[in-house]
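A.B. asks: Sending over a structure as structure tokens; questions will come in a sec.
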Amino acid sequence: MPIKRRHLLAAAGASTLAAPFVLSSGGPSFAQDKQLNLAGASYDMRDAILQEFAKRTNITPRPWVSPSTQARVDRIRTAPVDIITVDAPFAAYAMNEKLLQPIDISRLPNWSKLHPLLKDGRATPTAPLGFGANPGRMMYLDEARTKASFVPAFFQMDSIGYNAGKIPTENNTLSWGELFNPKWRGKVALYGIDWLGMLDAAMGMRALGLINPPDISNLSEKEVDTVVAFLKDKKKEGHFRAMWKAYGELVNLMASEEVWIADAWWPVVVEVAGKGIPMHYAVAKEGYRAWCNGYGIAANAKNLDACYEWLNFWMEGFPGARQSEIGYFSTANTYEKYLDPKLVTEVYGGVGRDGGSLEDRANRVFVWNTRPKNLEYYTEKWNEFLAA
Amino acid sequence: MGWKIRLNITGWILGVLTLIFLAYQWLPIFTLGVLSFSGPTGGTTFPMNGTSFHWYEQVWRATVMSDFKPPLLRSSILALACSATTIVLSVMAAQAMRGEFRGHNWFFYLLLLGIMAPGILVGFGFAILMRLLGVDLAWDTTTFLVHVSWTLPFGFLTMLAVFNRFDKRLEEAALTLGASRLTTFRRITLPLILPGVMGAGLFGFSLSYDEYPRSMFTTGPDLTLPLAVMAQLDRQLTPEIYAIGTTTTFFSLIAVTIFTFAFWAMRRSVDGRRT
Amino acid sequence: MSTIRVRSAASYWLALPAAAWMLGVVVVPIVLLAWVSLWGGRAFSTASPITFDNYTKFFANKTYVGLVFSTVVHTATLMLITGVLGYCIAYFLVVKIRRPGWRLALFLAFVIPFWTSTLIRAIAWVPFLGVNGVINQTLMFAGATHSPIEAFLYSRTGITMAQVSLYTMMAAGPVVYMLNAIPPQLREAAMTLKATPFIVFRRIIFPLTLPGVVIGQVLVFLNVMADFATVATIGGNKHALLSNLVLLFYEGSQIRAASVVAVLLMLCMLAGVIVALRVVDIRRLGA
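Residue numbers (the numbering used here), protein chains in the order written: chain A, 728 to 1115; chain B, -11 to 263; chain C, 1398 to 1684.
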């Protein structure tokens, strides 16, 4: 007995002294070299893509996921990040804050294969530019177009996702105002991150004639107040079932039929429809909300070559094809060799697909996702809405 | 005899209440366990669509995005380290309190601060401190420091309670018989307070293992288990998370059983020696 | 005499590691947060001017001030429910159950869920409370309701229900401890002196367990005020209490606002604990 106790005490003492050494000697971690630190989202940090990247380049991707672009940008300040998933307005913001470094386009051989909507800012020379941060206009850092703030990877035009079994439509067309239709009280979900939720709400309110801002992607403080007051009223009425931030959350909400209509994204529609619920993506009566996500290189990225490997990997076609499978369009038209031809006609040609082809959608863009100039005011008021 | 009947009725009411609450507490966990065996197409509520080990297989199969084995390992190592550190520091601190040094009241409140301060604050503040100092955040350094600040007060309170009940006369006897203070502590005090020490160790382990608000801000790129679970919540809520929940519960239970058994065995050996 | 001389140097040395640890990891960060909450300007820099602007901005916002109150009210509700429920359970366990075997078994049955992660236990409530969840399915099966009750999930009710299940044992634990310390002969003695059971409870047992009650309430208070995960998960991201607000501002990279809310949260907690410590001296625990 005494022996056991003495051993125990010695062990306790030794382990306390040794603990810091044991812990700092590594524990479970990957090889230190050949790593790529990614700050991404759940809709692009997907296993198939990450595994293929690791296989082709022998670089280990280390993803950190957050649904909030602002949070990802902030992460560059506090943690080692090499590549960040970002869109044009946030890339511009990050550039301003010196968190991103310019990307040398000459190192990207597939740049010319970008869809004109992204490369030049409009689908055809006469298509509308749309309000807000048009990536084709924002991403170039110089007149000669040799440097960009981010590389566009995938894009889509968002509208409203709805459960066709519960909500009737004509020709699969819904107005953005349908989100606030009192008939669906308690069955609505709205996106929970400030700038995007506010934008979707503003679209709905504009469709209902409640506001008419000159630039819906950059609401003035008074306009923000109006939107938030309206939202607070709706919340008090119990109009919203829940708010969603990551697409998995909305999939759960709609698959369990707790929510019938939401400002959804394509992958949600694909997954919920796959579970047997008749979910559809509506054609937006007032026009789509377009967005384009891509990758920027952090200012203090450790392994620049690995970063360019990642960028080129995305433009080469494999990830583009995988993203097409969940409903996103690949910005570079290199995806065809990796995608089932039937899916190509479905997704891009619009055959049997909600909302029509890529061309149809690209021609009906109303606004682009934008980082509003007074985002801080947005955040303050949005938090009020959540706290009410 | 009126009050005897009333006593009985009170007893029954309380009993029913207790049992209802027991069910209330257990049912969600029980449902979690049952649902974790859902069939491959099962969602996160009933119907289950068959039974299978599919979701456990998913947990086991490592993918880049949802690999729970490294976080499990990290959490376990971290918890063990916390437990050991908590034991040593809390015994030292409680013994110091017995010395009633000047300022021991402030010392007591200082330690209590660790329990009082919400995890988000400590984590947030510590992360800012590290940012100002230019120190990189990592699970094995910064998170370890913050975890101990959380578990130490609990261990400290446990040891205080143990020392409060402790019979000083046994130490006195040894000291009057010529033993040095160190020897007395080692051979008389320690064996007697060992059950309390086990309690403190148990606190250290389980509190660190389940801790997430402090970890959220201080782990850097590598996640601990609760953080991995939270990250998984953001993605699709599948029964896989129930499988994880059931598995981690199982591991917790094993750890607690080991500790409790050690506690009980030591208590018995100590009591045995006394008689 | 004891193994440590009263007021000796040895006690300072023994106390040093723990004190240094807590000072460095808890006190300094909190002070830092207070300092950051007073930063003017917009950049993250130690040279920022000191100003109370962030506080005036916060308190000028009626919704946020209302949030502080609703957080306190929510916490008080939880404290009341868990306090009463916890006391009943503790009383039943200690006083009404004679056989120690049963007592241990029941006690373990209550404590074991505690050893599972709070996060998992909170998550487990989601499939329970939802429209297609177990509670609604049972109610409809039993014919009590025709359509599912939505109010259980993504609402304050749901949050309260989940938190009651999570924290009642914290309220009960210290009470069990104190009840155990009361010798049963005390009750018998009082009753032989013709006191009714109710008087026995009110004038003897309850006052003796008061320290345990207060400690339990403090534990519940601290945990509920700091709990953001349950509010976010079961509230459906729709609800925010004070702790959630810290995170929301942090994610919006508004460090100053986040620090202001953090400092307010800390002040509330301090106030609660100070009140509690006036009532009971926990250093005498176990004596």
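We put the beta carbon where it would ideally sit given N, CA and C, even for glycine. Just so we're clear, the structure is a prediction, and the values are computed from it rather than from any experiment.
1. Is Trp1410/C near the ligand NAP, in the sense that its beta carbon is under 7 Å from a heavy atom of that ligand?
2. Note down, in chain order, all residues in the stretch 197 to 210 of chain B with a beta-carbon under 9 Å from any beta-carbon belonging to chain A.
3. Any contact of the stretch 154 to 169 of chain B with the stretch 245 to 253 of chain B, i.e. 3+ C-beta pairs under 8 Å?
4. Could you tell me the boundaries of the alpha helix (DSSP H) in which Gly1570/C lies?
5. In this structure, how does DSSP classify Thr6/B when only helix, strand and coil are distinguished?
6. Using a beta-carbon distance below 8 Å, is Ile103/B in contact with chain C?
7. Which residues of the stretch 773 to 801 of chain A have a Cβ closer than 9 Å to any Cβ of chain C? Give them in chain order.
8. Does Asn1634/C get closer than 8 Å to chain A when you measure Cβ to Cβ?
9. Give, in chain order, every unbroken run of the beta strand (DSSP E) that is at least 3 residues long and sits entirely within the stretch 884 to 953 of chain A.
10. Is the Cβ of Met822/A closer than 8 Å to any Cβ of chain C?
11. Return the Cβ separation of Val1657/C and Phe1511/C in integer angstroms, given the expectation that the two are a contact with Cβ distance under 8 Å.
12. Please check the pair Asp210/B and Arg62/B, which I expect to be a contact at CB under 8 Å, by giving their CB distance rounded to whole angstroms.
13. In the structure shown, what three-state DSSP assignment does Gln1651/C receive?
14. Between Ser196/B and Leu66/B, which are expected to be in contact by the criterion C-beta below 8 Å, what is the C-beta distance as a whole number of angstroms?
15. According to a CB-to-CB cut-off of less than 7 Å, which residues of the stretch 63 to 83 of chain B neighbour chain C?
16. Drop a sphere of 10 angstroms on the beta-carbon of Ala1028/A, count the other beta-carbons inside from all chains shown, and report buried for 16 or more, exposed for fewer.
17. Out of curiosity, what's the CA-to-CA distance linking Lys761/A and Ile1053/A?
18. Among the residues of its own chain, which have a CB less than 8 Å from the CB of Cys70/B, if the five just before and after it don't count?
19. Counting only Cβ pairs nearer than 9 Å, list the residues of chain A close to Leu266/B.
20. Exposed or buried, which one is Glu1107/A when buried takes at least 16 other CB atoms within 10 Å?
21. Excluding the 5 residues flanking Ala934/A on each side, which residues of the same chain have their C-beta closer than 6 Å to its C-beta?
22. Who pairs with Arg802/A in a beta bridge, going by DSSP?
23. In its own chain, which residues sit with a C-beta less than 7 Å from the C-beta of Gly919/A, not counting the 5 before and 5 after it?
24. Against chain A, which members of the stretch 1610 to 1640 of chain C pass a CB distance test of less than 9 Å?
25. Answer yes or no: does any C-beta atom of chain C fall closer than 8 Å to that of Leu958/A?
26. Between which two residues does the alpha helix (DSSP H) carrying Met1006/A extend?
27. Alpha carbon to alpha carbon, what distance is there between Ala871/A and Ile830/A?
28. Note down, in chain order, every chain C residue with its Cβ under 8 Å from the Cβ of Phe114/B.
29. Quick one: is His842/A buried, meaning 16 or more other Cβ sit within 10 Å of its Cβ, or exposed?
30. So with Cβ pairs under 8 Å, would you call Trp1522/C a contact of chain B?
31. What are the boundary residues of the beta strand (DSSP E) that includes Leu165/B?
32. With DSSP as the reference, label Ser1057/A as helix, strand or coil.
33. When you compare only the Cα positions, how much space is there between Lys959/A and Gly1555/C?
34. So, under 8 Å CB-CB, Val1433/C and Arg1653/C are touching, yes? Tell me the CB distance rounded to an integer number of Å.
35. Where Thr1468/C and Thr1589/C are concerned, what is the direct C-alpha to C-alpha distance, given to the nearest angstrom?
36. So what's Pro843/A in DSSP terms, helix, strand or just coil?
C.D. replies: On the basis of the supplied data:
1. Inclusion of the ligand NAP in the displayed structure is not the case, the ligand content being empty and no account of it being possible.
2. Gly208, Pro209 and Asp210
3. no
4. Walking along the third sequence from the start, residue 1570/C turns up at place 173. Where Gly1570/C is concerned, the enclosing alpha helix (DSSP H) stretches over Arg1553 to Ala1578.
5. As a working note, residue 6/B is residue 18 in the second sequence. Note: Thr6/B maps to helix in three-state DSSP.
6. Position 115 of the second sequence holds residue 103/B. Answer yes: the Cβ-Cβ gap between Ile103/B and chain C drops below 8 Å somewhere.
7. Ser793, Ser795, Gln797, Ala798, Val800 and Asp801
8. Numbered from its first residue, the third sequence carries residue 1634/C at position 237. With 8 Å as the cut-off, Asn1634/C counts as an interface residue toward chain A.
9. 888 to 890 and 915 to 918
10. Walking along the first sequence from the start, residue 822/A turns up at place 95. Not one chain C Cβ lies under 8 Å of Met822/A.
11. Against the third sequence, residue 1657/C aligns to sequence position 260. Against the third sequence, residue 1511/C aligns to sequence position 114. Rounded, the Cβ-Cβ distance is 34 Å, inconsistent with contact.
12. In the second sequence, counting from the first residue as 1, residue 210/B sits at position 222. In the second sequence, counting from the first residue as 1, residue 62/B sits at position 74. That pair is a contact at about 6 Å.
13. Counting from one through the third sequence, the residue named residue 1651/C turns up at place 254. If DSSP states are grouped into helix, strand and coil, Gln1651/C belongs with coil.
14. For the purposes of this step, residue 196/B is taken as the residue at position 208 of the second sequence. For the purposes of this step, residue 66/B is taken as the residue at position 78 of the second sequence. Rounded, the Cβ-Cβ distance is 6 Å, consistent with contact.
15. Leu77, Met80, Ala81 and Gln83
16. Here residue 1028/A refers to the residue found at position 301 of the first sequence. Per the 10 Å Cβ criterion, buried.
17. For the purposes of this step, residue 761/A is taken as the residue at position 34 of the first sequence. For the purposes of this step, residue 1053/A is taken as the residue at position 326 of the first sequence. So the alpha carbons of these two residues sit roughly 29 Å apart.
18. As a position in the second sequence, residue 70/B is number 82, starting the count at 1. Correct list, in chain order: Phe132, His135, Val136, Thr139, Gly192, Phe193, Leu195 and Ser196.
19. The structure shown has nothing for residue 266/B, since chain B only spans -11 to 263.
20. On the first sequence, position 380 is the one that residue 1107/A refers to. The residue in question, Glu1107/A, is buried, as its Cβ has 16 or more Cβ neighbours within 10 Å.
21. In the first sequence, residue 934/A corresponds to position 207, counting from 1. The answer, listed in chain order, is Ser902, Trp903, Gly904 and Glu1013.
22. Start at 1 with the first residue of the first sequence, and residue 802/A comes out as number 75. Partner(s): none; Arg802/A has no beta bridge.
23. Along the first sequence, one-based indexing puts residue 919/A at 192. Cβ within range, chain order: Met970, Trp971 and Lys972.
24. Gly1632, Gly1633, Asn1634, Lys1635, His1636, Ala1637, Leu1638 and Leu1639
25. Along the first sequence, read from residue 1 onward, the residue named residue 958/A stands at position 231. Not one chain C Cβ lies under 8 Å of Leu958/A.
26. Taking the first sequence and counting its residues from 1, the one referred to as residue 1006/A is at position 279. Unbroken run through Met1006/A is the beta strand (DSSP E), Met1006 to Tyr1008; no alpha helix (DSSP H).
27. Mapped onto the first sequence, residue 830/A falls at position 103. Mapped onto the first sequence, residue 871/A falls at position 144. Looking at the two C-alpha atoms, the distance is approximately 13 Å.
28. Taking the second sequence and counting its residues from 1, the one referred to as residue 114/B is at position 126. Per Cβ cutoff of 8 Å: Val1422 and Pro1426.
29. Position 115 of the first sequence holds residue 842/A. So His842/A counts as buried.
30. Residue numbering aside, residue 1522/C sits at position 125 when the third sequence is read from its first letter. So yes, Trp1522/C belongs to the interface.
31. To locate residue 165/B, count along the second sequence from 1; it is residue 177. Run containing Leu165/B: none; DSSP gives neither H nor E here.
32. Translated into positions along the first sequence, residue 1057/A becomes position 330. Correct three-state label for Ser1057/A: strand.
33. Numbered from 1 along the first sequence, position 232 holds the residue referred to as residue 959/A. Numbered from 1 along the third sequence, position 158 holds the residue referred to as residue 1555/C. Rounded to the nearest angstrom, the two C-alpha atoms are 20 Å apart.
34. For the purposes of this step, residue 1433/C is taken as residue 36 along the third sequence, with counting starting at 1. For the purposes of this step, residue 1653/C is taken as residue 256 along the third sequence, with counting starting at 1. Between Arg1653/C and Val1433/C the Cβ distance is about 6 Å, and since that is below 8 Å, they are a contact.
35. In the third sequence, counting from the first residue as 1, residue 1468/C sits at position 71. In the third sequence, counting from the first residue as 1, residue 1589/C sits at position 192. In a straight line, the C-alpha of Thr1468/C is about 47 Å away from that of Thr1589/C.
36. Looking up residue 843/A in the first sequence gives position 116. Three-state result, Pro843/A: helix.
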